[in-house]
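In full-length UniProt numbering, the protein residues as written are 1 to 382.
Working notes for the structure below.
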């Protein structure tokens, strides 16, 4: 509801700017033409992930990982890290925060392990692993658009080393903080209940088929939309009560749409002159640190999406754009509102009856974020 209210206010501000001529109609149409494929992808991949979750796919995968670890906590930890990284890279950080978090928490509780360490793994990797592919984060899709196309290979060539460092650094800190507090072994638990094996198998096939299609150079909304349509049709046949407008992430659409319009108005007013002073210029390591740092500060101060949109125009080269992504993707893990994924993660934990102190989250993020900003920018400068 909060996102809808904020999005509504942003829509009103944007429409007012359009009505009074602050935002020319041509520029508003250009914004719409740029963002509709991105928002369509967000809707489609959300539907795919939600229906796969309803079929029990994530529960089954998590349970099989727990069996694969053979009761050894360290191997379960490694496998959860891998699962969160892959889920974020291919299905976006929001999928990890919203759908994987309750699954991992339930898996830990069923095996008499403290769920908080695993919950922190999901939220931190939802942000830091979102540097991997264009589809991992909405900001990446925007950056890919600015770079001239959604080419996963080019994106990996640009940000792959930085993404690897971001994931490795965050996992190293999480392991040092949490793993030693967990018992070395855990008891096995029963297999999750699957209501409809057909839906589970179809969801697994569709999801597995979707992953490579997201990285072969197609516009991401195309394979995601096909996958969503297939699952909707199958669920309408097998479990029609699941299908409804609640599958659509309306709050995110209202918020993102209003934000794009409002930031377009700010750009028309000349916000780029302000951000250019703050972000500096140049591709040397100090300049890149400055840009990433300002991006992270802006993301933690307001939110990563408006931070990216406000500063995109001053990231005048692929290298600087990559530095900005490091700041607004991996950096917003200090304040609760810096990333929408963090807020969604917290909501899911509250719904599961798990208490998380924001002070603990802030302290952990204050250690991880600067470390990532310093280290992950280095490959760009080299």
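We put the beta carbon where it would ideally sit given N, CA and C, even for glycine.
Query raised in the report: By Cβ distance, which residues of its chain are closer than 7 Å to residue 22, with the 5 residues on each side in sequence left out?
Result: The sequence position of residue 22 within the chain shown is 22, counting from 1. Taken in chain order, the residues that qualify are 265, 268 and 269.
Query raised in the report: Using DSSP with H/G/I as helix, E/B as strand and the rest coil, what is residue 72?
Result: Within the chain shown, residue 72 is the residue found at index 72, counting from 1. Residue state, collapsed to three classes: strand.
**Report entry** Inter-stretch contact (C-beta, 8 Å, three-pair minimum) for the region 189-199 and the region 21-39
**Finding:** no
Query - residue 193, DSSP secondary structure in three states - result: Mapped onto the chain shown, residue 193 falls at position 193. Coil.
Query raised in the report: What number of angstroms, rounded off, separates the C-alpha of residue 81 from the C-alpha of residue 175?
Result: Translated into positions along the chain shown, residue 81 becomes position 81. Translated into positions along the chain shown, residue 175 becomes position 175. Between residue 81 and residue 175, the C-alpha separation is close to 10 Å.
Requested in this report: Let me know the secondary structure DSSP gives residue 139 once reduced to three states.
Outcome: Reading the chain shown from its first residue, position 139 is the one you call residue 139. Looking at residue 139 - three-state DSSP - the assignment turns out to be helix.
Query raised in the report: From residue 46 to residue 40, what does the alpha carbon distance come to, in whole angstroms?
Result: Counting from 1 along the chain shown, the entry for residue 46 is found at position 46. Counting from 1 along the chain shown, the entry for residue 40 is found at position 40. So the alpha carbons of these two residues sit roughly 10 Å apart.
Requested in this report: Would you tell me roughly how many angstroms separate the C-alpha atoms of residue 382 and residue 372, rounded to the nearest one?
Outcome: Counted from its first residue, the chain shown places residue 382 at position 382. Counted from its first residue, the chain shown places residue 372 at position 372. Roughly 16 Å between the two C-alpha positions.
Query - Local Cβ density within 10 Å of residue 221, reported as buried at 16 or more and exposed below that - result: Numbered from its first residue, the chain shown carries residue 221 at position 221. Looking at its Cβ environment, which holds 16 or more other Cβ atoms inside 10 Å, residue 221 is buried.
Query raised in the report: Between which two residues does the alpha helix (DSSP H) carrying residue 316 extend?
Result: On the chain shown, position 316 is the one that residue 316 refers to. Per DSSP, residue 316 belongs to no alpha helix (DSSP H) and is neither H nor E.
Query raised in the report: Rounded to a whole number of angstroms, what is the C-alpha to C-alpha distance between residue 251 and residue 8?
Result: Numbered from 1 along the chain shown, position 251 holds the residue referred to as residue 251. Numbered from 1 along the chain shown, position 8 holds the residue referred to as residue 8. Straight-line Cα distance between these residues: approximately 10 Å.
Query raised in the report: From residue 345 to residue 130, what distance separates their C-alpha atoms?
Result: Taking the first residue of the chain shown as 1, we reach residue 345 at position 345. Taking the first residue of the chain shown as 1, we reach residue 130 at position 130. If I take the Cα positions, the gap works out to 15 Å.
Query raised in the report: Where does residue 185 sit, in a helix, a strand or coil, going by DSSP?
Result: One-based indexing of the chain shown puts residue 185 at position 185. Reduced to three states, the DSSP call for residue 185 is strand.
Report task. Could you have a look at residue 239 and say whether DSSP puts it in helix, strand or coil? Result -> Taking the first residue of the chain shown as position 1, residue 239 is located at position 239. Note: residue 239 maps to coil in three-state DSSP.
Query raised in the report: By DSSP, does residue 34 sit in helix, in strand, or in coil?
Result: Here residue 34 corresponds to residue number 34 of the chain shown, with the count starting at 1. Three-state DSSP puts residue 34 in a helix.
Report task. Could you confirm whether any beta carbon from chain C is found closer than 8 Å to the beta carbon of residue 270? Result -> The structure shown contains no chain C; it is built from a single protein chain.
Requested in this report: Give the secondary structure of residue 287 by DSSP, where H, G and I count as helix, E and B as strand, and everything else as coil.
Outcome: In the chain shown, the residue the question calls residue 287 occupies position 287. Residue 287: helix per DSSP, three-state reduction.
Query raised in the report: In whole angstroms, what is the alpha-carbon distance linking residue 247 and residue 282?
Result: Residue numbering aside, residue 247 sits at position 247 when the chain shown is read from its first letter. Residue numbering aside, residue 282 sits at position 282 when the chain shown is read from its first letter. Approximately 44 Å, taken between the alpha carbons.
**Report entry** DSSP state of residue 250 mapped onto helix, strand, coil
**Finding:** Stepping through the chain shown from its first residue, residue 250 is reached at position 250. DSSP places residue 250 in helix when its eight states are reduced to three.
Query - C-alpha distance - residue 257 paired with residue 74, whole-angstrom precision - result: Within the chain shown, numbered from 1, the residue matching residue 257 stands at position 257. Within the chain shown, numbered from 1, the residue matching residue 74 stands at position 74. Each residue's Cα considered, the two are about 42 Å apart.
Query - Residue closest to residue 63, alpha-carbon to alpha-carbon, out of 52, 153, 108 and 34 - result: Stepping through the chain shown from its first residue, residue 63 is reached at position 63. The shortest C-alpha separation from residue 63 is found at 108.
Query raised in the report: Taking only runs of the beta strand (DSSP E) that begin and end inside the region 321-359, which ones reach a length of at least 3 residues, in chain order?
Result: none
**Report entry** Boundaries of the alpha helix (DSSP H) in which residue 379 is found, first to last residue
**Finding:** Residue 379 sits at position 379 when you count from the first residue of the chain shown. That run of the alpha helix (DSSP H) goes 378-381.
Query raised in the report: Is it true that the CB of residue 359 sits closer than 8 Å to the CB of residue 304?
Result: The count along the chain shown starts at 1 and reaches residue 304 at position 304. The count along the chain shown starts at 1 and reaches residue 359 at position 359. No; because the gap between Cβ atoms is not below 8 Å, this pair is not in contact.
Query raised in the report: Helix, strand or coil: how does DSSP classify residue 216 here?
Result: Counting from one through the chain shown, the residue named residue 216 turns up at place 216. Three-state DSSP puts residue 216 in coil, outside helix and strand.
Requested in this report: Thinking residue 88 and residue 125 are a contact (beta carbons under 8 Å), I'd like their distance in whole angstroms, please.
Outcome: The residue you call residue 88 lines up with position 88 of the chain shown. The residue you call residue 125 lines up with position 125 of the chain shown. That belief holds up - the Cβ atoms of residue 88 and residue 125 are roughly 6 Å apart, short of 8 Å.
Query raised in the report: For residue 141 versus residue 132, is the C-beta spacing smaller than 8 Å?
Result: Taking the first residue of the chain shown as 1, we reach residue 141 at position 141. Taking the first residue of the chain shown as 1, we reach residue 132 at position 132. It is not a contact, given that the beta carbons lie outside the stated cut-off.
Query raised in the report: When the distance is taken between beta carbons, is residue 84 closer than 8 Å to residue 96?
Result: Locating residue 96 in the chain shown gives position 96, where the first residue counts as 1. Locating residue 84 in the chain shown gives position 84, where the first residue counts as 1. In contact: residue 96 and residue 84 (Cβ atoms closer than 8 Å).
**Report entry** Neighbourhood of residue 260 by C-beta, 6 Å cutoff - its chain only, sequence neighbours within 5 removed
**Finding:** Residue mapping note: residue 260 aligns to position 260 of the chain shown, counting from 1. Answer for residue 260: 31 and 35, listed in chain order.
Query raised in the report: Can you tell me whether DSSP reads residue 111 as helix, strand or coil?
Result: Translated into the one-based positions of the chain shown, residue 111 becomes position 111. Looking at residue 111 - three-state DSSP - the assignment turns out to be coil, as it is neither helix nor strand.
Query raised in the report: What are the boundary residues of the alpha helix (DSSP H) that includes residue 178?
Result: As a first step, residue 178 must be located in the chain shown, where it is residue number 178. Taken as a continuous stretch (DSSP letters only), the alpha helix (DSSP H) holding residue 178 covers 152-178.
Query raised in the report: Given residue 16, which residues of its chain have a CB within under 6 Å of its CB, disregarding the five upstream and five downstream residues?
Result: Sequence index remark: in the chain shown, residue 16 carries index 16 (1-based). Hits under 6 Å: none found.
Query raised in the report: Does the region 198-210 come close enough to the region 228-247 that 3 or more CB-CB pairs lie under 8 Å?
Result: yes
Requested in this report: For residue 183, count neighbouring Cβ atoms within 10 angstroms of its own Cβ and tell me buried if that reaches 16, exposed if not.
Outcome: By 1-based counting over the chain shown, the position of residue 183 is 183. Exposed, since its Cβ has fewer than 16 Cβ neighbours within 10 Å.
Requested in this report: Please classify residue 303: does DSSP put it in a helix, a strand, or coil?
Outcome: One-based indexing of the chain shown puts residue 303 at position 303. Looking at residue 303 - three-state DSSP - the assignment turns out to be coil, as it is neither helix nor strand.
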